[in-house]
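Just so you know, the sequence shown maps onto residues -25 to -1, 1 to 333 in mature numbering (1 follows the signal peptide of the UniProt record, and there is no 0).
We put the CB at the ideal spot given by N, CA and C, even for glycine.
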Amino acid sequence: MASRVRVSICFSLLVSLLFVSSISATEEESKKEFVLTLDHSNFSETVDKHPFIVVEFYAPWCGHCKSLAPEYEKAASVLSSHDPPIVLAKVDANEEANKELASQFEIRGFPTLKILRNGGKDAQEYKGPREADGIVTYLKKQVGPASAEISSAEEASSRITGENVFVVGLFPKFSGEEYLNFTILAEKLRSDYDFGHTTDAKLLPRGDAVTGPVVRLFKPFDELVVDFQDFHVEALEKFVEVASIPKVTIFNKDPNNHPYVVKFFNSPNAKAMLFLNFSSQLFDAFKSKFDDAAEHYKGKGVSFLMGDLEASQGAFQYFGLKEDQVPLIIIQTDDSQKYLKPNLEPDHIATWLKEYMV
């Protein structure tokens, strides 16, 4: 009897020890940090080891950095299981010893994420989402080829959704100077646009059945599809940048418009900005006249934006505008001079623009 009790006690103790061990292992796993911590002493050595690595430059006092941290760590955990693993790292750019690194990568705000390839020789700005699932999806796409072949109509339809800009290279064969320059373009702009290539234009959802070589840009606005045939890399890059901006950028609460708004304000062009209440009865009249003006100034170094009053409070603060001035138009010339016309009528747009646009 005593022997049976001792066996029972020993078995219970063994189970308890195994249970505690299991909990400890689980806790240890949960405490593991998947984001590598880098500084001036180990940065180069670590980056050299990885053909692809993402580095966050952050500051401990930065609120946006604190919000990103758990999402970044969660993404790092998921991406550690990717084949091959995708490595995420971070650098405290506020630390005095690391400021030279921040300067090297032209860090001007926090958090800034950089995608480093080829041992850090190629650096690109991370321009994807800031939540875990979005980070994972974006980086899985970035680690693959910059342009992937489109071999069926179904594949074309699934990739060219009409919701964003997509650039396709059409070639008789995947070789030659034109194809090489297209791949260079795709690698250079992969953080901003999606790229694909094919030998069969009939697979694509829109556009003429050409044999190529042609670059065909699909977009969710204006003419929807544009072809281009100058295969010098600089010309291709300029074409994509210009063609991917709407004739009139819409500034409202639709998140799909946000990338175009950012491009608008980052453009070196002169800017014509019309602000009004989008629910106004005169909205259609304003839009029609403003579209006509944008068409008139197309290719003349002027960018056009229509902003909804409700979504444009930041712009109002920046330009010192008041709500009782809408509908209003403000012009910012390429030398940063500003001209304002408050309480505008639709028929006044063309005349007023002509007065200030040289």
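Legend entry - C-beta atoms of Y101 and K65 nearer than 8 Å: no
Inset, instruction - Starting from the C-beta of P243, find all residues in its chain whose C-beta is less than 8 Å away, skip the five residues before and the five after it, and write them out in chain order. - result: D309
Inset, instruction - Mark V140 as exposed unless 16 or more other C-beta atoms lie within 10 angstroms of its C-beta, in which case mark it buried. - result: buried
Legend entry - L249 beta carbon less than 8 Å from that of F261: yes
Inset, instruction - Pull up the distance between the alpha-carbon of T1 and that of E75, whole angstroms please. - result: Only weak support is given to the placement of T1: the predicted model assigns it a pLDDT of 46, under 50, and the question is left unresolved by the model.
Inset, instruction - Check the DSSP bridge columns for S278 and list the partner residues they point to. - result: In the DSSP output, where bridge partners are listed per residue, S278 has K246.
Inset, instruction - Taking K194 as the reference, give the member of E138, I324, N17, K222 with the closest Cα. - result: Nearest neighbour of K194 by Cα position, chosen from E138, I324, N17, K222, turns out to be E138.
Legend entry - CB of E8 within 8 Å of CB of E46, strictly: no
Inset, instruction - Provide the residue span of the alpha helix (DSSP H) that contains Y33, from first to last. - result: Looking at the DSSP string, Y33 is not in any alpha helix (DSSP H); the run it does join, the beta strand (DSSP E), is 27 to 33.
Inset, instruction - Note down the Cα distance separating E270 from T136, rounded to an integer number of angstroms. - result: 26 Å
Inset, instruction - Please report how far the alpha carbon of F27 lies from the alpha carbon of A268, in whole angstroms. - result: 46 Å
Inset, instruction - Would you list the residues sitting across from S150 in a DSSP beta bridge? - result: Bridge pairing for S150: absent [DSSP].
Legend entry - CB of V301 within 8 Å of CB of L315, strictly: At the C-beta level, V301 and L315 stay beyond 8 Å of one another.
Inset, instruction - Let me know the secondary structure DSSP gives A128 once reduced to three states. - result: helix
Legend entry - Segment contact flag, the region 73 to 90 with the region 35 to 42, C-beta cutoff 8 Å, min 3 pairs: yes
Legend entry - contact_flag[the region 56 to 73, the region 93 to 100] where n(CB pairs < 8 Å) is 3 or more: no
Inset, instruction - Pull up the distance between the alpha-carbon of E3 and that of V111, whole angstroms please. - result: A caution first: E3 carries a pLDDT of 49, below 50, which makes its placement in the model too unreliable to give a value.
Inset, instruction - Please go through the same chain and pick out, in chain order, the residues whose beta-carbon is closer than 7 Å to the beta-carbon of V201, but skip the five residues on each side of it. - result: L192, A218.
Legend entry - Same chain, Cβ closer than 7 Å to I159, five either side skipped, listed in chain order: V208
Inset, instruction - Would you mind reading off the limits of the beta strand (DSSP E) that contains F253? - result: Premise fails: F253 is in no beta strand (DSSP E) and is neither H nor E.
Inset, instruction - Name the one or two DSSP bridge partners that F193 has. - result: F141, V200
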